[in-house]
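Be aware that the sequence shown starts at 4, since it is given in our numbering, and climbs by one per residue. The structure appears right after this line, and notes come after that.
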Amino acid sequence: MNATFSRKLVMALTGVTRSQLEHWDALGIVRPAIRGGRGKGSRKEYSFRDIVQLRIAKQLRDEGISLQKIRKALAYLRKHFSTLEAPLAELKFLTDGVSLFVLTDDPQVILNALEGQVVSSFALGKVIEDLRRDVQQLAQPIEEQVTVEGQVFTVVLTPDLEEGGYTVTCKEIPAAISQGETEQEALDNIIDAITLCLEAERDLATQQKVHGQ
4 MNATFSRKLV
14 MALTGVTRSQ
24 LEHWDALGIV
34 RPAIRGGRGK
44 GSRKEYSFRD
54 IVQLRIAKQL
64 RDEGISLQKI
74 RKALAYLRKH
84 FSTLEAPLAE
94 LKFLTDGVSL
104 FVLTDDPQVI
114 LNALEGQVVS
124 SFALGKVIED
134 LRRDVQQLAQ
144 PIEEQVTVEG
154 QVFTVVLTPD
164 LEEGGYTVTC
174 KEIPAAISQG
184 ETEQEALDNI
194 IDAITLCLEA
204 ERDLATQQKV
214 HGQ
């Protein structure tokens with residue numbers, strides 16, 4: 004998946020807060036692979052791989068694993084991720100809330116490392132599958148109906164995965180196009196755009212009528 008994702012969308016997909024994104028970026032735990040802005044107001048874009056790592060990091064933090072241990076886990080991912088296209092779904096991190104382990108092909112290594120203390124685990128394959136499903140759901144256009152001057156119009160909100168927010172169009176009036184950071188803002192803006200288009204149509208009709216006389 005080659006799409007890029009805005010910081011706002013990444014927060015929605017992973018549950019990671021803005022401050023965590025900034026902190027983890029500064030520590031080098033997960034940095035935006037597409038564009039790493041610096042300073043207040045800078046723009047940052049994340050790849051799908053970044054989101055996978057962020058969701059894993061979030062789950063590990065929720066399990067009580069320290070940032071230092073997460074850095075080690077993500078270092079492992081960065082080193083081996085490109086070679087794990089097929090076996091990725093079988094790779095698991097194991098944790099008891101204190102220690103962190105990675106399953107390998109050697110069962111003896113697992114037994115020596117865990118010592119029977121594992122209480123939870125999650126598969127990277129499931130993390131990726133869940134993320135892909137979430138991205139597909141977020142990318143789906145949304146149809147809404149709005150009423151302007153007593154007329155009902157169908158509008159389509161299309162999420163912008165790269166910039167964040169929505170682009171919104173009107174089916175009945177193709178010239179009515181707008182944007183918004185949120186669904187509500189996009190709806191408010193398209194209502195304004197439809198209103199302007201209706202006014203322009205009336206003005207044009209009036210001019211044609213005058214010229215026709």
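Cβ atoms here follow ideal geometry from the backbone N, Cα and C, with glycine treated the same way.
In DSSP terms, what residue i is bridged to
i, result
"Gly167", "DSSP output for Gly167 lists no bridge partner at all."
"Lys95", "Ala126"
"Gly183", "Tyr169"
"Thr157", "Gln148"
"Pro162", "Tyr169"
"Thr7", "Ser50"
Residue i, DSSP secondary structure in three states
i, result
"Glu66", "coil"
"Ser102", "coil"
"Gln148", "strand"
"Glu48", "strand"
"Ile176", "coil"
"Gln56", "helix"
"Val13", "helix"
"Thr209", "helix"
"Gln1", "This structure cannot speak to residue 1, because the chain is shown only from 4 to 216."
"Arg217", "There is no way to answer for residue 217, as the model of the chain reaches only from 4 to 216."
"Leu190", "helix"
"Thr20", "coil"
Whether residue i touches residue j by CB criterion (9 Å)
i, j, result
"Val171", "Val159", "yes"
"Leu24", "Leu63", "no"
"Glu146", "Leu190", "no"
"Lys61", "Gly167", "no"
"Ile68", "Val101", "yes"
"Asp163", "Gln187", "no"
"Thr157", "Pro144", "no"
"Val149", "Ile194", "yes"
"Thr198", "Val151", "yes"
Three or more beta-carbon pairs under 8 Å between the segment 194-207 and the segment 45-58, yes or no?
Below 8 Å, too few C-beta pairs join the segment 194-207 and the segment 45-58 to call them touching: fewer than three.
Should the segment 17-25 be called in touch with the segment 138-148, which here means at least 3 C-beta pairs below 8 Å?
In short, these stretches do not touch, since the Cβ pair count stays below three.
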